[in-house]
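J.: Following this message is one structure expressed as C-alpha cells.
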Amino acid sequence: MSLLTKVKKQFKRSIIQSVSIETLLKDNLSKYNVVLPETIATEEALQMVFASEATSLQGVSHSTPLAYTTVLEDVFYCPLYSVILTKDRKIIRESFNITKPVEDFKLDCLFTSKVEEISGYSVIWHQTTNNYYHTLIDNLPRFYLTSLHDIIKDNDNHVKLIHSRKIFDMEYFYLSKFLSPNIQICQVPDSTHTDQPLLFRLEKLILSKFLNHNFSGFIPSSYRNQIFSRFLPQRPRTKNKRIFISRRQAYNQRHIINEAEVIQTLAIYGFEVYTLEKMSINEQIELFYDADVVVATHGAGLTNILFSEHVKVLELFPYPFVIPYFYYLAQSMGHKYQYWCGNGEYDATQGWNSNFVVDILQLQNILEKPGFFI
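Following UniProt numbering, the numbering of the sequence shown begins with 1 at its first residue and continues without gaps.
If you want it as C-alpha cells, here you go:
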C-alpha cells in the first residue's frame with residue numbers, strides 16, 4: 001500500500017463517522033415491537049476455524065440481537081449505499097448489516113449538497129447486497145418487523161417503500177406477501193450515472209433493526225416461522241431428496257473443478273444434481289421442503305434450508321476456514337451441520353470466489369460418519 005493510499009484512508013476515517021440509534025436519540029428513543037434476543041448452543045463453533053471477519057461470533061452460545069422498530073425524523077437516505085445518515089451526515093449503524101470499511105465510502109456521496117425531499121412516512125428496502133441470502137435473512141425479516149408498526153397497519157397512513165436498485169422478481173416474490181395496500185413502492189436514482197451524487201431527506205422514517213448479526217443466518221424462531229410458513233407447501237413432507245447443488249452456472253465462480261468426480265461419488269449415496277439457477281422460486285421451495293440431505297459449496301442457494309425440516313447439511317469451502325452464515329442458520333433450525341474445508345490460499349482479488357478441488361476420500365468419510373448420513 002502506497003503512502004498516499006494510507007493517507008487517504010486515514011483522512012476518510014477521520015471524516016466519516018457512525019452513530020447508533022440509542023446514542024442518537026437517547027431518552028427520546030421509542031421502541032416498538034421489541035424482539036428479545038434468542039440464544040442457541042454453539043459449543044462446536046469453538047473448534048471451528050472461522051473467517052477472520054466472523055471470529056467475534058464464536059462462543060459456547062450465540063444470541064440474536066435486541067431488535068425493535070422506531071421512527072426517525074429528518075434523516076437522509078444515501079441511495080448508493082442504502083444507508084441512513086443523520087443531519088450532520090453520520091451513518092446510522094442500524095441501517096446496514098454488512099462489513100464495509102469506512103474508506104470504501106465515497107465522501108461526495110455522503111456529504112453532497114444536492115438533496116431532494118420525500119415527505120410523509122417512508123421505509124427502506126435494500127442493502128448494497130441483495131442476493132438470495134441477504135434478501136431472505138436480512139431484508140425480509142427486517143421489513144416484516146417494520147410492517148407490524150401501527151403506522152403501517154393503519155391503512156389510512158400512506159407509506160413509501162424507498163429503494164435505489166431494481167427489485168428483482170425473486171425479491172418481489174417474497175416481499176409481496178407483506179405489502180399492505182397503503183405502501184407505495186418508490187425507486188429513487190442511486191447516483192451511479194449522475195454528475196453529482198444525490199441524497200434524499202426523509203421527513204419520517206420507520207426503521208427496524210436487523211434481526212440477525214452479520215455472518216449469521218440465525219433469526220428468532222418465532223419471526224422465522226411467522227415469515228416463512230407463508231411459503232411452505234400445504235402437504236406432508238416426503239423427506240426423500242438427497243440434493244447436490246451445482247454451481248457450474250454461478251456467475252461468481254466458486255466452482256468445483258472436479259465436480260464430475262464429486263457427482264459420481266454422491267450418486268453412490270443416492271444424490272441428484274440440481275442447478276438452482278434453472279429453477280423457479282416455488283420449485284426450489286418444493287425441493288428443499290422434501291430434503292433429507294443437502295451437499296453444496298458455500299453459496300446463497302443454501303438459504304433454502306429455511307424450508308427444510310431437520311435436514312443434514314454438508315457445506316464445502318474452498319479455503320481452510322468457515323464462513324458461518326449457514327452454520328448458524330442450520331443450528332437455529334435443528335439441522336445436522338457438517339463442513340469440509342479446502343486448502344486453497346485466500347486471494348484478495350477474488351474474495352471468497354476461488355474455484356477449488358474437493359478431496360473425494362474426505363468427502364466419503366464425512367458422508368459415512370455415524371449419525372450424520374447413515
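Cβ atoms here follow ideal geometry from the backbone N, Cα and C, with glycine treated the same way. Fair warning: this is a prediction, and the values are worked out from it, not measured in the lab.
Buried or exposed: G301, going by 16 or more other Cβ atoms within 10 Å of its Cβ?
T.: Classification of G301: buried, given that the 10 Å Cβ count is 16 or more.
J.: For S56, verify whether its CB is less than 7 Å away from any heavy atom of the ligand ADP.
T.: Looking for the ligand ADP in the displayed structure turns up nothing, as the structure carries no ligands at all.
J.: Measuring only the C-alpha atoms, how far is K160 from E203?
T.: 11 Å
J.: By DSSP, does N355 sit in helix, in strand, or in coil?
T.: coil
J.: Exposed or buried, V262, counting other C-beta atoms within 10 Å across all chains shown (16 or more means buried)?
T.: buried
J.: Between the segment 313 to 322 and the segment 288 to 297, do at least 3 Cβ pairs fall closer than 8 Å?
T.: yes
J.: Verify whether the separation of the beta carbon atoms of G299 and A250 is less than 8 Å.
T.: yes
J.: Would DSSP call T42 helix, strand or coil?
T.: coil
J.: If you drop the 5 nearest sequence neighbours on each side, which residues of the same chain put their C-beta closer than 7 Å to that of E22?
T.: L29
J.: Please state whether the Cβ-Cβ distance between S320 and V71 is less than 8 Å.
T.: A small fix is needed here, since residue 320 is Pro in this sequence, not Ser. Not in contact: P320 and V71 (Cβ atoms no closer than 8 Å).
J.: Let's see if you can read the secondary structure: which residues bound the beta strand (DSSP E) around Q364?
T.: From DSSP, Q364 is part of no beta strand (DSSP E) but of the alpha helix (DSSP H) over 360 to 367.
J.: Spell out a yes or no on whether the segment 158 to 175 and the segment 118 to 126 are touching, meaning 3 or more CB-CB pairs, one atom from each, closer than 8 Å.
T.: Taking a cut-off of 8 Å on C-beta distances, the segment 158 to 175 touches the segment 118 to 126, as three or more cross pairs fall below it.
J.: Could you say which of I84, Q253, P233 lies nearest to F200 if we only look at CA atoms?
T.: F200 has its Cα closest to that of I84, out of I84, Q253, P233.
J.: How should V322 be labelled, buried or exposed, when 16 other C-beta atoms within 10 angstroms of its C-beta is the threshold for buried?
T.: buried
J.: In the DSSP assignment, find the unbroken beta strand (DSSP E) run with E315 in it and report its ends.
T.: 312 to 317
J.: If you drop the 5 nearest sequence neighbours on each side, which residues of the same chain put their C-beta closer than 8 Å to that of M170?
T.: Y132, T135, I281
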